[in-house]
Amino acid sequence: MPSQSENWSFGSFYCTINNYIANVTVAASVLTLTGITIDRYLAIIRPLQPRMTKTNAMFGIAMIWATSLLIGMPCLVFSTTLTHRVNFSMEDRIARFKRKTMDGGGQRLLSGM
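Numbering (numbering that gives the first Met the number 0), first residue to last: 0 to 112.
1) From this set, 12, 24 and 34, which residue's C-alpha is nearest residue 51's C-alpha?
2) Cβ of residue 13 within 9 Å of Cβ of residue 72?
3) Report the CB separation of residue 26 from residue 78 in whole angstroms; it is logged as a contact under 8 Å.
4) Taking the alpha helix (DSSP H) that residue 28 belongs to, which residues open and close that run?
5) Taking the C-alpha atoms as reference points, what is the distance between residue 74 and residue 47?
6) Just the C-alpha distance for residue 61 and residue 39, rounded to the nearest angstrom, thanks.
7) For the putative contact between residue 30 and residue 63, defined by C-beta atoms under 8 Å, what is the C-beta separation to the nearest angstrom?
8) Is DSSP giving residue 66 helix, strand or coil here?
9) Does residue 76 pass the burial test, meaning 16 or more other C-beta atoms within 10 Å, or should it be called exposed?
10) Look up residue 54 in the DSSP assignment and say whether it is helix, strand or coil.
11) Between the alpha carbons of residue 53 and residue 15, how many angstroms are there, rounded?
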(Lines of atoms letter the chains of each structure in order from A and count residues from 1; the text may use other names and numbers.)
(Lines give C-alpha, C1' and ligand atoms only; values in the text may rest on other atoms or scores of the structure.)
Protein backbone atom coordinates (compact mmCIF):
# COMPACT_ATOMS: atom_id res chain seq x y z
CA MET A 1 0.00 0.00 0.00
CA PRO A 2 1.43 3.41 -0.92
CA SER A 3 2.31 5.89 1.76
CA GLN A 4 0.75 9.35 1.99
CA SER A 5 3.93 10.95 0.60
CA GLU A 6 3.50 9.02 -2.68
CA ASN A 7 -0.04 10.29 -3.37
CA TRP A 8 -0.32 11.87 -6.85
CA SER A 9 -3.24 14.28 -7.08
CA PHE A 10 -2.45 16.11 -10.35
CA GLY A 11 -3.89 13.69 -12.90
CA SER A 12 -2.51 11.61 -15.72
CA PHE A 13 -1.74 14.48 -18.13
CA TYR A 14 0.44 16.36 -15.65
CA CYS A 15 2.11 13.09 -14.65
CA THR A 16 3.17 12.58 -18.25
CA ILE A 17 4.35 16.17 -18.73
CA ASN A 18 6.13 16.24 -15.37
CA ASN A 19 8.09 13.05 -16.07
CA TYR A 20 8.94 14.20 -19.59
CA ILE A 21 10.22 17.63 -18.55
CA ALA A 22 12.24 16.16 -15.68
CA ASN A 23 13.98 13.68 -17.98
CA VAL A 24 14.55 16.24 -20.75
CA THR A 25 16.17 18.76 -18.40
CA VAL A 26 18.44 16.13 -16.84
CA ALA A 27 19.53 14.95 -20.29
CA ALA A 28 20.10 18.54 -21.44
CA SER A 29 22.23 19.23 -18.36
CA VAL A 30 24.37 16.14 -18.86
CA LEU A 31 24.82 16.84 -22.57
CA THR A 32 25.66 20.50 -21.89
CA LEU A 33 28.36 19.50 -19.41
CA THR A 34 29.67 17.02 -21.96
CA GLY A 35 29.81 19.79 -24.58
CA ILE A 36 31.65 22.09 -22.19
CA THR A 37 34.12 19.30 -21.44
CA ILE A 38 34.77 18.73 -25.13
CA ASP A 39 35.26 22.48 -25.69
CA ARG A 40 37.74 22.71 -22.80
CA TYR A 41 39.59 19.63 -24.05
CA LEU A 42 39.97 21.13 -27.52
CA ALA A 43 41.11 24.45 -26.02
CA ILE A 44 43.87 22.65 -24.10
CA ILE A 45 44.94 20.32 -26.91
CA ARG A 46 44.91 23.04 -29.61
CA PRO A 47 45.49 26.37 -27.86
CA LEU A 48 46.51 28.33 -30.97
CA GLN A 49 43.58 27.35 -33.19
CA PRO A 50 40.53 29.61 -33.33
CA ARG A 51 37.61 28.81 -31.02
CA MET A 52 34.23 27.74 -32.30
CA THR A 53 32.06 30.26 -34.10
CA LYS A 54 28.70 31.53 -32.93
CA THR A 55 27.01 29.45 -35.63
CA ASN A 56 28.73 26.27 -34.43
CA ALA A 57 27.77 27.04 -30.84
CA MET A 58 24.12 27.58 -31.78
CA PHE A 59 24.14 24.32 -33.76
CA GLY A 60 25.62 22.50 -30.74
CA ILE A 61 22.95 23.92 -28.43
CA ALA A 62 20.20 22.93 -30.87
CA MET A 63 21.61 19.39 -31.09
CA ILE A 64 21.80 19.12 -27.29
CA TRP A 65 18.13 20.06 -26.91
CA ALA A 66 16.97 17.92 -29.84
CA THR A 67 18.78 14.91 -28.38
CA SER A 68 17.35 15.66 -24.93
CA LEU A 69 13.82 15.83 -26.33
CA LEU A 70 14.34 12.44 -27.99
CA ILE A 71 15.80 10.89 -24.85
CA GLY A 72 12.70 11.95 -22.89
CA MET A 73 10.23 10.45 -25.39
CA PRO A 74 9.70 7.14 -23.54
CA CYS A 75 8.44 9.06 -20.50
CA LEU A 76 6.10 11.05 -22.71
CA VAL A 77 4.66 7.84 -24.16
CA PHE A 78 4.59 5.51 -21.15
CA SER A 79 4.00 7.65 -18.03
CA THR A 80 0.65 7.15 -16.37
CA THR A 81 -1.06 7.14 -12.98
CA LEU A 82 -2.33 4.18 -11.03
CA THR A 83 -5.30 4.59 -8.68
CA HIS A 84 -5.67 2.46 -5.54
CA ARG A 85 -8.83 2.47 -3.43
CA VAL A 86 -7.77 2.73 0.19
CA ASN A 87 -11.32 2.67 1.53
CA PHE A 88 -14.78 3.74 0.37
CA SER A 89 -14.10 7.46 0.74
CA MET A 90 -10.41 7.75 -0.17
CA GLU A 91 -8.21 7.00 -3.20
CA ASP A 92 -4.46 7.17 -3.68
CA ARG A 93 -3.04 8.07 -7.08
CA ILE A 94 0.56 7.20 -7.82
CA ALA A 95 2.70 8.38 -10.75
CA ARG A 96 4.07 5.31 -12.53
CA PHE A 97 6.12 4.39 -15.57
CA LYS A 98 4.40 1.71 -17.62
CA ARG A 99 6.23 -0.58 -20.02
CA LYS A 100 5.58 -3.85 -21.77
CA THR A 101 7.32 -6.95 -20.51
CA MET A 102 9.84 -8.78 -22.69
CA ASP A 103 7.49 -11.71 -23.40
CA GLY A 104 4.89 -9.34 -24.91
CA GLY A 105 2.41 -10.16 -22.18
CA GLY A 106 0.84 -7.65 -19.84
CA GLN A 107 2.31 -4.41 -18.71
CA ARG A 108 4.60 -3.96 -15.76
CA LEU A 109 4.31 -0.85 -13.63
CA LEU A 110 7.47 0.67 -12.24
CA SER A 111 7.38 3.11 -9.37
CA GLY A 112 9.47 6.22 -9.01
CA MET A 113 9.63 7.46 -12.58
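Where a beta carbon is used, it is the ideal one built from N, C-alpha and C, also for glycine. Just so we're clear, the structure is a prediction, and the values are computed from it rather than from any experiment.
With the given structure in hand:
1) 34
2) no
3) About 15 Å separates the two Cβ atoms, so there is no contact after all.
4) 10–44
5) Taking C-alpha positions only, residue 74 is separated from residue 47 by approximately 44 Å.
6) 19 Å
7) 4 Å
8) Here residue 66 sits in helix by DSSP.
9) exposed
10) helix
11) 35 Å
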